[in-house]
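Numbering (our numbering), first residue to last: 1 to 911. From the three backbone atoms N, C-alpha and C, an ideal C-beta is built for every residue, glycine too. Let me begin by presenting the structure, written as structure tokens, before commenting on it.
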Amino acid sequence: MREAGPPLEAVPTATYRLQFREGMDFDKAAGLAPYLKRLGISHLYASPIFTAVPGSTHGYDVADFAELDPALGGAEGFARLADALKANGLKLLLDIVPNHMGASTANPYWADVLEWGEESQYAGYFDIDWSAAKLLIPALGAPYGKVLEDGEFGLRFDKDEGRFRFTYYDIALPLAPNTYGRILGEIDEPDFQELSLTFATGSADGAGLLQERLATLAEDPEALAKIERAVGEIAADREALHDLHEAQNWRLAHWRMARETLTYRRFFEITDLVGVQVDRPSVFEATHALVKELAERGDVAGLRIDHIDGLADPKAYLAQLAEIENAPYVVVEKILGPDERLPETWRTAGTTGYEFAHALTALQVDTEGLSRLDAAWREETGETRPFSEIVRETKRRILTYNLAGELAYLVERAREIGENDPLTRDYGPDSLRRALIEIATSFPVYRSYVDLSGASEQDRKLLRKAGEEAKLSPFVEDPGVVDFLVGLLLLENLSDHETIASALYLARRFQQTTGPMMAKALEDTVFYRFNRLIALNEVGGEPEPGPQASFHPAMQERLETQPQALSTTATHDTKRGEDARARISTISEMAEEWADAVKRWNAILLPLVAEIDDGPAPEPNVVWLFHQALLGGWPLELQPDDHDGMRDLVERLEAFMLKAVREAKERTSWTAANTAYEEKLSNFVRSALSNDFAAYRQDFLKVSAPLFAAGAVNSLVQTVIKLTAPGVPDVYQGTELWDLSFVDPDNRRPVEFDRRRALLDEFGLDEFGLDEFGEMSFPDALSRWREAVPKAWLVQRLLRLRGEHRGLFLEGSYEPLAVEGPMAAQITAYARRVEGETLVVIVPRLPLSLLERDDGLTLRADAFADTFVSLPGGAARFADLLGGGDIAGDRIAASELFRRAPLALLFGSVS
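Shown next as structure tokens:
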């Protein structure tokens with residue numbers, strides 16, 4: 001159990017994630033409030049809403065944490081949203097970004113730092129290495145000298161602000177006011193000469209008044225003309241322009257320099273996002289003032305913390321956050337590794353639920369089929385390395401290349417500490433670098449959490465194990481260097497406070513580096529290379545699902561450690577839609593048939609594979625990915641003769657495949673595009689689904705038909721478990737219906753809410769009750785499974801059930817139920833119980849072989865012959881919430897349970 005969870009009344013019944021921007025603003029969200037209330041949602045879960053960099057599509061590049069984004073409707077629009085939510089009895093869970101901000105001049109704090117450097121009042125807001133000569137801005141499309149020579153730099157005077165800016169296309173960086181004299185001094189008039197000298201000798205305190213004075217002077221057309229003439233003369237003089245550039249607090253550089261010489265902490269490898277030092281009390285207060293205000297007004301009831309692993313001290317941050325009394329429900333975006341637990345000392349309700357999504361997907365994968373699929377994939381692609389080796393090699397590449405600047409910074413800090421001790425002063429930078437690489441790449445989870453109080457037992461075990469593995473590496477010659485570094489990272493055996501402080505800083509930066517290393521290596525690289533079964537290649541997931549028996553222990557641990565955490569199956573970050581993932585999992589149930597089909601399909605499509613200088617385009621591994629992605633993304637209602645529908649699918653699939661190969665970084669990448677390869681891949685995708693290759697499409701749909709149906713059953717099972725297992729269910733926008741989206745930005749497409757509202761009308765909500773759910777029964781809904789009606793039915797009914805029985809779902813036990821018989825392994829059954837109430841959930845596993853037909857979701861009558869489920873005691877009778885009627889007794893035949901529906905929900909109460 002968490003050390004300090006929120007009060008029960010603050011815990012949501014269910015959340016509904018809404019992505020603002022891209023057409024969604026405060027007023028449109030306000031219009032959804034009645035729909036969300038009818039659906040059974042308690043909290044609208046909003047993506048970041050503070051002012052972002054202009055043109056932002058997601059809001060995680062915050063430009064001003066003290067302002068609600070005018071692009072969304074500003075403060076007035078938000079007030080209308082808050083009123084609409086309150087009028088419908090809803091609350092707001094807000095996604096905030098404490099780790100980073102947009103490194104843009106649209107960010108007034110960052111702009112001030114560019115203008116004044118370390119003298120800026122905001123210099124301490126950002127994680128900047130002020131020991132560096134300049135603040136590096138790696139934004140040039142070519143080396144600096146080439147850009148200067150080609151005349152691509154310029155100068156601009158903003159007369160309304162009285163400011164000069166150094167320009168490069170759309171980039172306009174503020175000049176340091178003490179360098180204005182280099183421009184104004186060119187104007188041979190007393191007013192300008194005196195102002196030039198005043199700027200040169202001024203400071204940040206008085207610069208604003210001087211700029212106002214300059215702006216006033218520029219109101220005179222003659223004076224403005226003289227200023228602009230001076231600007232033009234310097235801009236035309238390459239040497240003068242260069243000298244002016246060199247006098248600034250910043251330095252423009254080729255974008256490729258970012259990976260090795262960046263002078264500020266960034267988010268992952270994105271130079272447009274600068275790390276914020278939110279661990280400083282003054283910075284915390286400034287960056288959270290508006291959050292506090294919204295909470296005090298009752299407009300915000302909970303917080304989702306983005307990228308908690310980026311913070312220097314997550315535990316201390318969450319303790320500060322807990323002081324915001326009116327927003328006690330806090331969840332953190334945190335990926336848990338295998339056997340890793342969220343630190344119990346964190347003041348949070350739990351994670352955003354990636355580990356929950358993985359447990360569900362793992363439950364739906366046939367492990368024996370996966371082994372056969374593995375053999376077929378390796379035969380087709382020639383891959384021989386184990387997954388762990390691929391990950392380790394990729395982590396090494398990410399750390400030494402993409403994050404080379406971060407690695408160099410760690411090496412230098414470790415060298416400085418080592419020099420102060422005669423026993424370690426001879427550890428040179430190369431030895432330290434090699435050892436740090438091996439420790440980091442051996443580290444099995446995203447990061448450790450060593451802080452002022454030292455290391456936890458979990459962190460000690462992880463770091464020491466990583467150290468022992470590092471010593472075995474052929475790249476490490478002196479194991480003493482590893483011991484030295486592990487000691488520093490654990491803050492062990494340190495002699496004085498100064499060394500402890502230096503080691504803590506090193507440990508924090510190491511911890512802030514291993515997270516991006518793991519994320520970029522695993523999520524954003526290997527998961528696009530290891531294409532055996534892509535349903536398992538998910539954020540927070542693992543390609544090895546583990547045994548079926550691990551599901552119940554995972555849920556029991558969830559109840560014990562984070563019962564109020566979010567339970568998600570789709571987010572804006574997941575690699576594919578929740579129902580696409582559930583559908584692709586069914587491949588494991590027919591591995592040999594799928595492998596044979598892939599051979600046939602590849603033979604048909606062979607004319608589309610081109611030979612280019614670096615090999616076939618696309619290569620077998622990418623084609624293997626293509627077939628799975630197409631399976632997951634094919635809309636159930638789409639017919640091959642639907643030209644508009646096919647064009648839409650092809651465009652979306654082509655965009656996904658291009659992103660996938662760029663992320664994989666094998667033949668092309670975002671930073672080194674292989675145009676010839678990408679063109680051949682695009683042609684492959686478009687042509688494969690054209691009428692010229694109708695034979696492929698016809699055979700593909702024939703093979704996929706049973707997988708479509710089995711995938712739909714998986715989706716319904718996934719939905720039921722999410723809405724009934726321990727945790728708070730989170731519904732990602734639009735996923736009340738089938739979610740067959742590809743990775744972002746495809747999963748942020750506009751949602752057809754009118755269609756969803758119409759379905760609720762069909763369900764007859766005014767008649768809702770436990771015994772009489774309304775006009776449409778679940779068997780009726782099942783007949784319209786291609787329209788996703790049964791999924792929407794389950795979402796609405798179970799959300800309302802949760803709302804009426806909060807104690808059962810938030811405090812109830814989780815009890816695995818015994819299943820006996822030849823098909824026991826293909827049933828998952830559990831009960832949720834609280835005093836006086838019991839809910840029983842019984843669902844099938846691996847449904848492909850259980851279905852009666854390919855075009856329906858009815859299970860065969862003999863599918864579960866001689867298989868029985870034991871029901872919990874305490875209730876005289878159970879109401880069958882899906883099939884209708886009552887069930888009595890303590891043991892029931894599975895075939896009877898699944899007679900009218902492919903899953904069962906039983907509710908019983910003790911009077």
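Quiz prompt | Inter-residue Cα distance where the pair is residue 882 and residue 100 | solution = By 1-based counting over the sequence shown, the position of residue 882 is 882. By 1-based counting over the sequence shown, the position of residue 100 is 100. Going by the C-alpha atoms only, they are around 47 Å apart.
Quiz item: Do you know whose CA, among 301, 816, 495, 43, lies nearest residue 423's CA?
Solution: Translated into the one-based positions of the sequence shown, residue 423 becomes position 423. Residue 423 has its Cα closest to that of 495, out of 301, 816, 495, 43.
Exercise. Give the range of the beta strand (DSSP E) segment to which residue 254 is assigned.
Key: One-based indexing of the sequence shown puts residue 254 at position 254. Per DSSP, residue 254 belongs to the beta strand (DSSP E) from 250-254.
Exercise. Confirm, please, whether the CB-CB distance from residue 503 to residue 522 is below 8 Å.
Key: Counting from one through the sequence shown, the residue named residue 522 turns up at place 522. Counting from one through the sequence shown, the residue named residue 503 turns up at place 503. No, they are not a contact pair.
Quiz item: Three or more C-beta pairs closer than 8 Å, one from the segment 184-199 and one from the segment 245-255: is that the case here?
Solution: no
Practice problem: Give a yes or no on whether the C-beta atoms belonging to residue 800 and residue 815 are separated by under 8 Å. | Solution: Translated into positions along the sequence shown, residue 800 becomes position 800. Translated into positions along the sequence shown, residue 815 becomes position 815. For residue 800 and residue 815, no; Cβs fall outside 8 Å.
Quiz item: Do you know how far the Cα of residue 663 is from the Cα of residue 863?
Solution: For the purposes of this step, residue 863 is taken as the residue at position 863 of the sequence shown. For the purposes of this step, residue 663 is taken as the residue at position 663 of the sequence shown. Cα-Cα distance, rounded: 42 Å.
Quiz prompt | According to DSSP, residues forming a beta bridge with residue 611 | solution = Residue numbering aside, residue 611 sits at position 611 when the sequence shown is read from its first letter. Answer by DSSP bridge pairing, in chain order: 616.
Practice problem: Name the residue from 805, 879, 12 whose alpha carbon lies nearest to the alpha carbon of residue 953. | Solution: Shown here, the chain extends from 1 to 911; a query on residue 953 therefore has no answer.
Exercise. Under 6 Å Cβ to Cβ from residue 299, same chain only, skipping five residues before and after it: list those, please.
Key: As a first step, residue 299 must be located in the sequence shown, where it is residue number 299. Closer than 6 Å at Cβ, skipping near neighbours: 82.
Exercise. List the residues that DSSP assigns as beta-bridge partners of residue 24.
Key: The residue given as residue 24 occupies position 24 in the sequence shown. In the DSSP output, where bridge partners are listed per residue, residue 24 has 21.
Practice problem: To the nearest angstrom, report how far apart residue 551 and residue 721 are at their CA atoms. | Solution: By 1-based counting over the sequence shown, the position of residue 551 is 551. By 1-based counting over the sequence shown, the position of residue 721 is 721. One C-alpha to the other measures close to 11 Å.
Quiz item: In the structure shown, what three-state DSSP assignment does residue 636 receive?
Solution: Within the sequence shown, the letter at position 636 stands for residue 636. Of the three classes helix, strand and coil, the one that applies to residue 636 here is coil, per DSSP.
Self-check item: Every unbroken alpha helix (DSSP H) within the segment 488-546, with a cutoff of 4 residues, ordered by chain
Solution: 497-518
Quiz item: Closest to residue 367 by CA distance: which of 490, 391, 548, 411 is it?
Solution: What you label residue 367 is simply residue 367 of the sequence shown in a count that begins at 1. That would be 548, whose Cα lies nearest to the Cα of residue 367.
Quiz item: Run through DSSP, which three-state label would residue 341 get?
Solution: In the sequence shown, residue 341 corresponds to position 341, counting from 1. Reduced to three states, the DSSP call for residue 341 is coil.
Quiz item: For residue 90 versus residue 41, is the C-beta distance shorter than 8 Å?
Solution: One-based indexing of the sequence shown puts residue 90 at position 90. One-based indexing of the sequence shown puts residue 41 at position 41. Cβ distance < 8 Å, so residue 90 and residue 41 count as in contact.
Quiz item: Whose C-beta lies closer than 7 Å to the C-beta of residue 447 among residues of the same chain, with five residues either side of it excluded?
Solution: For the purposes of this step, residue 447 is identified with residue 447 of the sequence shown, where counting begins at 1. These residues qualify, in order along the chain: 309, 511, 514, 515.
Exercise. Note down the Cα distance separating residue 222 from residue 54, rounded to an integer number of angstroms.
Key: Position 222 of the sequence shown holds residue 222. Position 54 of the sequence shown holds residue 54. In a straight line, the C-alpha of residue 222 is about 34 Å away from that of residue 54.
Practice problem: Would you mind sorting residue 612 into buried or exposed? The rule is 16 or more other CB atoms within 10 Å of its CB. | Solution: By 1-based counting over the sequence shown, the position of residue 612 is 612. Its Cβ having fewer than 16 others within 10 Å, residue 612 is exposed.
Practice problem: Please list the segments of the alpha helix (DSSP H) lying wholly inside the segment 421-465, counting only runs of 4 or more residues, in order along the chain. | Solution: Qualifying alpha helix (DSSP H) stretches, in chain order: 429-442.
Quiz item: Of all the beta strand (DSSP E) runs that stay within the bounds of the segment 27-83, which reach a length of 3 or more residues?
Solution: 43-46, 50-52, 62-68
Practice problem: Report the option in 342, 314, 92 whose CA atom is closest to the CA atom of residue 329. | Solution: Residue numbering aside, residue 329 sits at position 329 when the sequence shown is read from its first letter. Closest by alpha carbon: 92.
Quiz item: Between which two residues does the beta strand (DSSP E) containing residue 153 stretch?
Solution: Residue mapping note: residue 153 aligns to position 153 of the sequence shown, counting from 1. 153-158 is the span of the beta strand (DSSP E), which, as asked, contains residue 153.
Exercise. Excluding the 5 residues preceding and the 5 following residue 608 in the sequence, name in chain order all residues of the same chain whose CB lies nearer than 8 Å to its CB.
Key: Along the sequence shown, one-based indexing puts residue 608 at 608. Only 683, 684, 687, 688, 693 meet the Cβ criterion.
Practice problem: Determine which residues share a DSSP beta bridge with residue 838 and list them. | Solution: On the sequence shown, residue 838 is found 838 positions in, with the first residue counted as 1. The partner list for residue 838 (beta bridge, DSSP) reads 833, 908.
Practice problem: Sort 25, 749, 812 by Cα distance to residue 652 and report the nearest one. | Solution: What you label residue 652 is simply residue 652 of the sequence shown in a count that begins at 1. It is 749 whose Cα lies nearest to the Cα of residue 652.
Quiz item: How many angstroms separate the CA atom of residue 723 from the CA atom of residue 563?
Solution: Position 723 of the sequence shown, counted from the start, is the residue given in the question as residue 723. Position 563 of the sequence shown, counted from the start, is the residue given in the question as residue 563. So the two alpha carbons sit approximately 13 Å from each other.
Self-check item: Bounding residues of the beta strand (DSSP E) (the contiguous stretch that carries residue 141)
Solution: Taking the sequence shown and counting its residues from 1, the one referred to as residue 141 is at position 141. Premise fails: residue 141 is in no beta strand (DSSP E) and is neither H nor E.
Quiz item: Do you know how far the Cα of residue 280 is from the Cα of residue 499?
Solution: For the purposes of this step, residue 499 is identified with residue 499 of the sequence shown, where counting begins at 1. For the purposes of this step, residue 280 is identified with residue 280 of the sequence shown, where counting begins at 1. Distance between the alpha carbons of residue 499 and residue 280 is about 21 Å.
Quiz item: Which of the three DSSP states, helix, strand or coil, is assigned to residue 699?
Solution: For this step, residue 699 is matched to residue 699 along the sequence shown. Three-state result, residue 699: helix.
Practice problem: Using 10 angstroms around the beta-carbon of residue 809, count the other beta-carbons present and answer buried if the total reaches 16, otherwise exposed. | Solution: As a working note, residue 809 is residue 809 in the sequence shown. Burial call: buried.
Quiz item: Going by DSSP, what residues sit across from residue 813 in a beta bridge?
Solution: Locating residue 813 in the sequence shown gives position 813, where the first residue counts as 1. According to DSSP, residue 813 bridges with 833.
Quiz item: CA-CA distance, residue 452 and residue 798?
Solution: The residue given as residue 452 occupies position 452 in the sequence shown. The residue given as residue 798 occupies position 798 in the sequence shown. Computed Cα separation, rounded: 45 Å.
Quiz item: What are the uninterrupted segments assigned as beta strand (DSSP E) that are 3 or more residues long and contained completely in the segment 555-619, given in chain order?
Solution: 610-612, 615-617
Quiz item: Do three or more CB pairs link the segment 376-388 to the segment 428-445 at distances below 8 Å?
Solution: no
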